[in-house]
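Novice:
Number of protein chains: 2
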Amino acid sequence: MTGFEEIMKRRNHKAFVLGILFTFFGWSFAFSQAPQSEGTWIWYPGDYEIWLSNKMQARRTERGAFLPPLWRYYSPYPMVTFRKEVDIPSEDNILLVTDGQFKLQIDGELVHGKPDTIALSAGKHQLAIKVYNQETLPSLFLQGEHVQSDASWEVTYEDKEWIDETGQASDQSGTLWERVGYWNFDSPEKVPSEFALEVEPAPAVEREELSNGELIDFGKETFGYLVFHGLKGEGKIRVFYGESEEEAMDKEYCETLDELEVSYSEATTDTLAQSMAFRYVQVERQAEVSYDSVSMLYEFLPLDYKGSFSSSDDLLNEIWDVSAYTLHLNTREFFLDGIKRDRWIWSGDAYQSYLMNYYLFFDNPSVTRTLLALRGKDPISSHLNTIMDYSFYWFIGIYDYYLFTGDEEFIHQFYPRMVSLMDFCLERRNENGMMEGLPGDWVFIDWADGLKKEGEVSFQQLLLARSLEAMALSAGIVGDRDGEANYTAMAEQLREKLFDVFWSSEHQALMHHRVDGEVKEEVTRYANMFAIFFDYLSKDQQEAVKTHVLLNDEVQKITTPYMRFYELEALCALGEQELVLDEIREYWGGMLELGATSFWEKYDPKESGEEHLAMYGRPYGKSLCHAWGASPIYLFGKYYFGVSPSSPGYDTYMVEPNLGGLEWMEGSVPTPEGEITLFCSTSEIKIKADHGVGTLRIKSETPPKGSNMEFKKVEDSTYELVVKPGQTYELHYKAMQ
Amino acid sequence: MTGFEEIMKRRNHKAFVLGILFTFFGWSFAFSQAPQSEGTWIWYPGDYEIWLSNKMQARRTERGAFLPPLWRYYSPYPMVTFRKEVDIPSEDNILLVTDGQFKLQIDGELVHGKPDTIALSAGKHQLAIKVYNQETLPSLFLQGEHVQSDASWEVTYEDKEWIDETGQASDQSGTLWERVGYWNFDSPEKVPSEFALEVEPAPAVEREELSNGELIDFGKETFGYLVFHGLKGEGKIRVFYGESEEEAMDKEYCETLDELEVSYSEATTDTLAQSMAFRYVQVERQAEVSYDSVSMLYEFLPLDYKGSFSSSDDLLNEIWDVSAYTLHLNTREFFLDGIKRDRWIWSGDAYQSYLMNYYLFFDNPSVTRTLLALRGKDPISSHLNTIMDYSFYWFIGIYDYYLFTGDEEFIHQFYPRMVSLMDFCLERRNENGMMEGLPGDWVFIDWADGLKKEGEVSFQQLLLARSLEAMALSAGIVGDRDGEANYTAMAEQLREKLFDVFWSSEHQALMHHRVDGEVKEEVTRYANMFAIFFDYLSKDQQEAVKTHVLLNDEVQKITTPYMRFYELEALCALGEQELVLDEIREYWGGMLELGATSFWEKYDPKESGEEHLAMYGRPYGKSLCHAWGASPIYLFGKYYFGVSPSSPGYDTYMVEPNLGGLEWMEGSVPTPEGEITLFCSTSEIKIKADHGVGTLRIKSETPPKGSNMEFKKVEDSTYELVVKPGQTYELHYKAMQ
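Chains A and B are the protein sequences, given in the same order.
Under this note's numbering, the letters of the first sequence match residues 201 to 937, in that order.
Under this note's numbering, the letters of the second sequence match residues 201 to 937, in that order.
(1) Using a Cβ cut-off of 9 Å (strictly closer), state whether SER275/B contacts chain A.
(2) Mark ARG681/B as exposed unless 16 or more other C-beta atoms lie within 10 angstroms of its C-beta, in which case mark it buried.
(3) Identify, in the order they occur along the chain, each residue of the same chain with its Cβ nearer than 7 Å to the Cβ of PRO268/B, setting aside the five sequence neighbours on each side.
(4) Based on the DSSP secondary-structure assignment, which residues constitute the bridge partners of LEU878/B?
(5) Exposed or buried, what is GLN474/A when buried is set at 16 or more other beta-carbons lying within 10 Å of its beta-carbon?
(6) Cα separation between GLU669/A and ALA685/A?
(7) At a Cβ cut of 8 Å, what residues of the segment 516-541 of chain A count as close to chain B, listed as they run along the chain?
(8) Whose C-alpha, out of ASP589/B, GLU533/B, PRO502/B, is nearest the C-alpha of GLN661/B?
(9) List the residues that DSSP assigns as beta-bridge partners of SER293/A.
(10) Hey, how far is the Cα of LEU771/A from the Cα of ARG785/A?
(11) Can you find at least 3 beta carbon pairs, one from the segment 625-632 of chain B and one from the segment 644-654 of chain B, that sit closer than 8 Å?
(12) In the DSSP assignment, the alpha helix (DSSP H) including ALA573/A goes from what residue to what residue?
(13) Looking at the structure shown, is THR797/B part of a helix, part of a strand, or coil, going by DSSP?
(14) Go ahead and label GLN236/A buried or exposed: buried means 16 or more other beta carbons lie within 10 angstroms of its beta carbon, across all protein chains shown.
(15) Measuring only the C-alpha atoms, how far is ASP521/B from GLU915/B?
(16) Suppose you measure from the CA of ASP782/B to the CA of GLY576/B; what does that come to, to the nearest Å?
(17) What's the gap between the Cα of THR298/B and the Cα of GLU452/A?
(18) Alpha carbon to alpha carbon, what distance is there between PRO565/A and ASP887/A?
(19) Among GLN301/A, HIS713/A, GLY264/A, LYS330/A, whose alpha-carbon lies nearest the alpha-carbon of GLY308/A?
(20) Just the C-alpha distance for SER321/A and PRO819/B, rounded to the nearest angstrom, thanks.
(21) Three-state secondary structure (DSSP) at GLN486/B?
(22) Can you tell me where the beta strand (DSSP E) with PRO845/B in it begins and where it stops?
(23) So what does DSSP say about ASP417/A, is it helix, strand or coil?
(24) To the nearest angstrom, how far is the alpha carbon of LEU560/B from that of ASN530/B?
(25) Measuring alpha carbon to alpha carbon, tell me which residue in ALA477/B, ASP458/B, TYR505/B is nearest GLU949/B.
(26) Could you spell out the range, first to last residue, of the beta strand (DSSP E) harbouring LYS284/A?
(27) Assuming PRO845/B and PHE595/B are in contact, meaning their beta carbons sit under 8 Å apart, how far apart are those beta carbons, in whole angstroms?
(28) What residues in its chain sit with their C-beta under 8 Å from that of TRP243/A, if we drop five residues either side in the sequence?
(29) Strictly under 9 Å for the Cβ-Cβ distance: is THR375/B near chain A by that measure?
(30) Using a Cβ-Cβ distance cut-off of 9 Å, determine whether THR760/B contacts chain A.
(31) Please confirm whether GLN474/B has its beta-carbon closer than 9 Å to some beta-carbon of chain A.
(32) Exposed or buried, which one is HIS932/A when buried takes at least 16 other CB atoms within 10 Å?
(33) Which bits of chain B does SER339/A rub up against, with CB to CB less than 8 Å?
(34) Under a CB-based cut-off of 9 Å, is GLU335/B close to chain A?
(35) Quick one: which residues of the segment 238-261 of chain A get their C-beta closer than 8 Å to a C-beta of chain B? List them in chain order.
(36) Mind checking which residues open and close the beta strand (DSSP E) that includes GLU335/B?
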């Protein structure tokens with residue numbers, strides 16, 4: 201049974217349980233449960249995310265030039281209609297606020313003028329509110345005693361109201377109504393289109409005088425708005441940002457810069473309009489301009505650090521802390537890949553952030569916002585970010601999202617967009633039913649010299665197979681039985697074909713690609729390592745791949761932290777925790793040793809000095825704060841604490857601690873309804889979980905012991921304990937050497 | 201040979217001629233000829249029209265309530281890339297202006313900063329300019345010595361620039377590039393998104409004091425902004441508009457109203473923000489507010505009245521003048537149906553305006569703007585305006601547009617949108633290959649009591665057949681040979697089926713509809729009259745239809761001017777000009793007698809007093825200025841002057857004057873490159889044309905005579921004269937009694 205089959209089995213069990221609940225609570229139980237009883241701003245699902253991501257991604261600049269994404273932008277629907285039928289026990293006077301012009305109909309009757317409240321008598325009423333906003337986003341907020349705008353409302357962009365002979369709307373048949381989108385805009389003043397990240401003041405740490413300006417150090421990588429205090433005079437201030445001191449001091453080549461026209465007769469505080477990523481700033485001012493000091497407004501998405509990690513190794517603890525900060529800096533309106541240069545949303549990069557998020561913030565909206573921004577609208581004319589693999593990561597991201605969070609509402613709402621993106625992908629298969637790059641497709645895989653991308657690349661087929669599994673799972677959730685059967689069958693066939701074509705008993709590995717019907721003599725790590733944690737390999741194949749690929753120096757090495765993420769994951773999945781810890785100490789520890797305050801896009805211990813700053817042929821092209829640099833968060837949570845969900849939303853889960861050579865470790869992993877806290881040393885384990893039923897699986901030289909605990913021996917030296925919610929378990933054992 | 205076959209034949213001839221020209225001038229001759237050598241603002245084709253129509257249609261109000269369209273709104277693409285490869289003889293410094301943020305690449309290299317000129321050296325260069333504008337419309341203006349933004353530029357919304365290992369864009373394969381859209385924004389200051397109609401001051405004609413205000417008469421139906429002069433004090437002014445005095449005086453039921461909060465300590469001139477249609481205005485002011493006088497700013501689209509008409513009948517002359525004013529008031533950002541109430545764009549109504557336009561303004565952009573606004577974007581989820589017939593009028597409108605203007609560029613550019621709308625229609629056919637209303641379809645036909653709309657309505661099949669002919673013609677123009685063959689075959693089959701199923705030899709007419717396989721015993725005028733001017737009937741059938749349908753009082757009468765347009769056209773096409781003139785005198789003359797200063801949405805001579813103002817169950821629901829009320833313009837030009845194109849763009853044309861009992865008539869009909877002027881009395885005809893080769897066909901009791909003229913007798917008492925451009929022909933004849 202592959203991991204997929206396991207999830208499907210467990211999901212069906214859950215669906216059965218929900219099915220029983222339906223009988224009691226009715227259809228609305230599953231996905232119309234409002235998230236709050238107070239009103240919240242609502243909109244057409246996905247449109248806010250598209251709008252906000254357009255805005256955010258358009259903030260990328262390169263040396264003052266606007267540098268928006270290279271792929272298609274979508275738009276919100278400029279006019280939508282919200283509706284709900286309400287039945288209220290007593291009269292209600294409902295506050296009505298819209299972002300845009302609105303048309304209000306109560307029980308089919310147009311209300312004249314521009315009312316700011318809706319007066320309803322007791323009983324049943326049909327409310328329909330059409331909102332038009334070409335500039336930002338049509339959205340609606342209602343707050344009454346009995347009626348409020350919330351997840352239970354429906355919305356359409358294609359209203360087909362008909363007019364009868366008397367000029368009245370008489371029919372709406374054929375119109376597609378959908379559940380509204382919403383986030384956390386829970387008051388009338390909190391208008392979605394006015395969203396801004398939070399800011400808080402932060403001082404400079406050091407200043408160094410320069411001939412006509414100064415160099416300012418904020419002490420660590422940060423993101424925000426520069427603030428000039430006591431600004432006075434007439435003239436120009438130029439600002440050169442740097443993630444490194446070298447970059448800030450290099451006016452010709454620093455990646456980002458800004459300028460400010462000053463014209464103040466009295467000393468004034470002025471804040472730059474554009475927020476930037478930096479640690480250092482060089483300020484150059486014209487002689488006629490003066491100021492007292494420079495500080496900044498640190499700009500961030502407010503998030504709780506729900507996961508935690510500490511251990512007997514201080515270096516690892518620091519790595520975890522800096523990883524957490526790195527991920528936080530990159531978790532903004534959406535999951536960014538890097539904060540200095542890019543500021544776009546990349547599906548492949550975001551996919552890694554989703555996984556890290558489950559072990560740090562467990563913030564569902566950050567995942568769904570990013571998924572929706574990436575997906576855009578129909579019709580689709582290219583892969584996400586134009587990259588074939590990135591379309592697949594989108595599906596796999598939904599698979600994981602459901603597994604970690606159990607959120608079926610998201611899948612119910614966006615299943616049609618999953619189907620249309622999958623249709624787009626499936627239509628691009630070749631005559632063998634495999635994906636192969638067509639004009640307009642970017643077959644990416646990884647940044648690696650000489651990587652072959654022509655023909656049928658095994659890695660892409662593997663991702664498609666997993667994507668089809670995500671589709672099958674989702675089809676099941678929404679009750680699309682035909683879809684479920686089709687996608688399941690397609691996934692199975694493709695998995696089979698993948699091994700038929702690419703598995704080489706000679707190389708004991710999946711081969712890299714087939715060109716014009718011929719499988720090439722080339723092994724790479726990509727498909728092999730993904731096959732491990734997708735659970736597509738037999739035990740024997742796993743061991744073979746470990747020896748012949750992962751631990752084989754003759755197979756081209758992975759140099760990007762992007763793919764390093766998966767390589768380390770694969771090694772962990774094969775029990776190589778100790779080896780991986782050494783890698784982490786060397787790679788991430790290496791960056792810390794060089795003074796990193798956030799983790800980089802790439803690190804090569806063989807480089808030195810300013811070489812560390814260069815990339816893409818530019819002296820400061822490298823991002824020194826890159827989301828994928830934060831992967832230890834994921835690895836520690838999933839493969840050292842060993843915590844992962846076995847059924848959607850952590851209703852059941854596994855805890856398989858692995859010290860990887862540490863004396864002890866402790867911390868917590870967030871779950872949808874709380875957390876799992878764990879302490880683990882070579883002789884003692886403490887665990888407590890707020891929700892779900894866990895299985896603690898440990899390897900011990902001696903049978904583990906704890907009061908009132910029943911251990912089940914599952915194989916030699918391997919024991920399992922059922923972990924029930926709200927109970928603390930303390931046990932003694934003897935870790936294997 | 202049907203009219204369609206005739207056009208196809210002539211078009212193929214023209215294509216052949218163009219084909220020869222190609223040899224000399226190359227491919228660009230046909231559709232890349234820039235409309236000007238100076239720069240003009242450019243955008244993604246159709247997007248400006250969508251954006252502007254959203255804005256315009258959102259200006260409809262009903263008693264102060266916002267009342268936007270009931271159908272789907274589309275949006276411009278918020279980010280597009282413009283490109284052109286230029287080859288310039290000497291260096292150029294090109295002014296660069298964008299509406300939105302921009303990214304400039306010269307020869308693939310990003311230009312840093314925010315330049316306002318592009319410096320190019322002599323030689324070949326690739327220019328690529330990406331523009332982002334979420335709020336209005338991404339658009340571009342360039343003006344250099346050798347390089348400017350014009351029709352020759354290309355644009356895409358789905359840029360698939362790839363990034364290579366060094367971070368540079370390296371490939372754009374797969375991206376769909378299209379020709380840009382443009383209109384008449386020919387200077388950098390004339391930003392498309394700042395477009396406004398022109399205004400000019402107009403005084404009130406009469407004022408009548410009321411207890412706390414006054415009633416103002418502007419003398420005739422008009423459209424614009426009220427202006428208060430010498431406004432002073434604190435308080436509110438309320439304004440009640442009326443197309444009639446009764447409406448303006450009825451504060452409870454007038455259709456439109458406005459109010460103004462006044463707070464001026466010194467006398468000020470203030471203009472209302474919203475322009476409205478009205479003749480009368482009731483102003484009500486609070487005691488604390490005073491003003492000197494009220495005038496208005498008349499708001500209009502500047503257009504030349506290129507067509508003209510006068511005759512021996514002063515009533516008809518006045519009818520033509522009021523028709524022209526009525527059409528002008530309704531020809532604004534787009535062709536409106538009516539100016540007071542509706543202010544939306546309806547495909548069926550606009551279709552009639554297109555036809556009238558060819559005999560008055562001959563303003564191509566007004567037609568194409570309206571066609572593009574109606575069409576919107578893909579994917580399509582409903583018929584235009586949700587009405588089945590209105591999708592068909594869109595195709596037929598393009599057919600006519602090409603015939604009158606010869607503009608192939610439009611068809612080249614929008615053929616893909618024709619195909620996708622036609623696909624949408626064809627997919628909605630039933631198992632008999634016929635159109636039948638599905639959920640979400642509004643089968644409209646006409647406002648008429650008891651009109652049957654279920655099943656297969658013959659009228660809809662007829663419109664689809666003509667639409668397929670429009671597709672075949674367009675497919676031929678763009679060189680889609682398969683499409684041309686398919687659409688031609690489909691049109692032929694449908695025409696055949698139409699007559700097989702619906703032609704009744706018993707009723708000597710096309711029957712109204714078939715329900716569940718049974719043709720119902722019901723004859724209506726719709727399909728029969730359209731079949732006449734679509735030229736689908738044999739001579740015998742024409743005569744039969746005239747007797748058994750058009751002149752048969754037992755067939756339900758047409759009461760709306762909307763369908764009256766076609767009924768009168770059909771009668772004219774059958775030579776009943778004299779009868780039709782009587783109808784015009786009675787119907788349009790009747791409105792004038794009641795004091796109309798523009799023609800109405802509907803007129804029933806049996807009604808009296810305020811009954812004339814009511815419609816849709818509302819006392820002032822009727823529009824007193826409705827585009828379709830202007831149809832005499834079309835009828836006079838096409839069926840009395842008898843001027844119509846025989847091949848696209850008036851390269852060849854017919855002139856078949858018919859006095860319909862008048863002593864004389866004279867005037868002009870505009871053509872793409874000038875006009876055709878005509879004088880015709882019972883004994884004399886003068887004609888002159890600027891372009892093309894015309895055939896003057898006259899009926900005369902005696903052989904016509906003129907110096908140096910050769911007449912060809914084509915049948916009894918019917919003579920033809922070839923009319924060459926630039927020459928005045930004066931001839932004598934004897935009109936048939």
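Glycine included, each C-beta is placed from N, C-alpha and C at the ideal position.
Being a predicted model, the structure only gives us computed values, none of them experimental.
Specialist: On the basis of the supplied data:
(1) By one-based count along the second sequence, residue 275/B stands at place 75. Nearest CB-CB separation between SER275/B and chain A: below the 9 Å threshold.
(2) Numbered from its first residue, the second sequence carries residue 681/B at position 481. Label assigned to ARG681/B: exposed.
(3) Sequence index remark: in the second sequence, residue 268/B carries index 68 (1-based). GLN257, ALA258, ARG260, listed in sequence order.
(4) Here the question's residue 878/B lines up with position 678 in the second sequence. According to DSSP, LEU878/B bridges with GLY867/B, ILE887/B.
(5) Within the first sequence, the letter at position 274 stands for residue 474/A. Exposed, because fewer than 16 other Cβ atoms sit within 10 Å of the Cβ of GLN474/A.
(6) Translated into the one-based positions of the first sequence, residue 669/A becomes position 469. Translated into the one-based positions of the first sequence, residue 685/A becomes position 485. The alpha-carbon atoms of GLU669/A and ALA685/A are separated by roughly 11 Å.
(7) Taking 8 Å as the upper bound on Cβ-Cβ separation, chain B lies near no residue of the segment 516-541 of chain A.
(8) One-based indexing of the second sequence puts residue 661/B at position 461. Answer by Cα proximity: ASP589/B.
(9) Taking the first residue of the first sequence as position 1, residue 293/A is located at position 93. Sequence inspection shows Asn at residue 293/A; the Ser mentioned does not correspond to that position. Under DSSP, ASN293/A takes part in a beta bridge, and its partners are ALA319/A.
(10) Within the first sequence, the letter at position 571 stands for residue 771/A. Within the first sequence, the letter at position 585 stands for residue 785/A. Cα to Cα, the separation comes out at about 15 Å.
(11) The segment 625-632 of chain B, when compared against the segment 644-654 of chain B, does not touch it at the 8 Å Cβ threshold.
(12) Within the first sequence, the letter at position 373 stands for residue 573/A. ALA573/A -> alpha helix (DSSP H) spans 564-575.
(13) By one-based count along the second sequence, residue 797/B stands at place 597. Residue state, collapsed to three classes: coil.
(14) Within the first sequence, numbered from 1, the residue matching residue 236/A stands at position 36. Only weak support exists for where GLN236/A lies, its pLDDT of 40 falling under 50; the value from the coordinates is given anyway. GLN236/A is exposed by the Cβ-count criterion.
(15) As a first step, residue 521/B is located in the second sequence; it is residue number 321 there, counting from the start. As a first step, residue 915/B is located in the second sequence; it is residue number 715 there, counting from the start. Our two residues, ASP521/B and GLU915/B, have alpha carbons roughly 36 Å apart in a direct line.
(16) Residue mapping note: residue 782/B aligns to position 582 of the second sequence, counting from 1. Residue mapping note: residue 576/B aligns to position 376 of the second sequence, counting from 1. Taking the straight line joining both Cα atoms gives about 41 Å.
(17) In the second sequence, the residue the question calls residue 298/B occupies position 98. In the first sequence, the residue the question calls residue 452/A occupies position 252. Rounded to the nearest angstrom, the gap between the Cα atoms of THR298/B and GLU452/A is 27 Å.
(18) The residue given as residue 887/A occupies position 687 in the first sequence. The residue given as residue 565/A occupies position 365 in the first sequence. In the sequence as displayed, the identity of residue 887/A is Ile instead of Asp. Computed Cα separation, rounded: 28 Å.
(19) For this step, residue 308/A is matched to residue 108 along the first sequence. For GLY308/A, the nearest C-alpha among the options comes from LYS330/A.
(20) Reading the first sequence from its first residue, position 121 is the one you call residue 321/A. Reading the second sequence from its first residue, position 619 is the one you call residue 819/B. The C-alpha of PRO819/B is placed about 29 Å away from the C-alpha of SER321/A.
(21) Position 286 of the second sequence holds residue 486/B. Residue state, collapsed to three classes: coil.
(22) One-based indexing of the second sequence puts residue 845/B at position 645. From DSSP, the beta strand (DSSP E) with PRO845/B extends over 843-845.
(23) Taking the first residue of the first sequence as 1, we reach residue 417/A at position 217. Of the three classes helix, strand and coil, the one that applies to ASP417/A here is strand, per DSSP.
(24) Locating residue 560/B in the second sequence gives position 360, where the first residue counts as 1. Locating residue 530/B in the second sequence gives position 330, where the first residue counts as 1. Those two C-alpha atoms are separated by around 13 Å.
(25) In the structure as shown, chain B starts at 201 and stops at 937, and residue 949/B therefore has no counterpart that could be examined.
(26) As a position in the first sequence, residue 284/A is number 84, starting the count at 1. Going by DSSP, LYS284/A is part of the beta strand (DSSP E) stretching over 279-288.
(27) Sequence index remark: in the second sequence, residue 845/B carries index 645 (1-based). Sequence index remark: in the second sequence, residue 595/B carries index 395 (1-based). That pair is no contact at about 18 Å.
(28) By 1-based counting over the first sequence, the position of residue 243/A is 43. Result list for TRP243/A: PRO276, VAL280, LEU337, PRO338, SER339, LEU340, VAL355, VAL380, GLY381, TYR382, PRO392, in chain order.
(29) As a first step, residue 375/B is located in the second sequence; it is residue number 175 there, counting from the start. At least one CB of chain A lies nearer than 9 Å to the CB of THR375/B.
(30) In the second sequence, counting from the first residue as 1, residue 760/B sits at position 560. No, THR760/B does not count as interfacial toward chain A.
(31) Here the question's residue 474/B lines up with position 274 in the second sequence. At a cut-off of 9 Å between beta-carbon atoms, GLN474/B makes no contact with chain A.
(32) Counted from its first residue, the first sequence places residue 932/A at position 732. So HIS932/A counts as exposed.
(33) For the purposes of this step, residue 339/A is identified with residue 139 of the first sequence, where counting begins at 1. Within 8 Å Cβ-Cβ: nothing; SER339/A doesn't reach chain B, min ~15 Å.
(34) The residue you call residue 335/B lines up with position 135 of the second sequence. Taking Cβ atoms only, chain A reaches closer than 9 Å to GLU335/B, which makes this a yes.
(35) If the cut-off is 8 Å between Cβ atoms, the segment 238-261 of chain A has TRP251, ASN254, LYS255, ALA258 near chain B.
(36) For the purposes of this step, residue 335/B is taken as the residue at position 135 of the second sequence. Taken as a continuous stretch (DSSP letters only), GLU335/B belongs to no beta strand (DSSP E), as it is neither H nor E.
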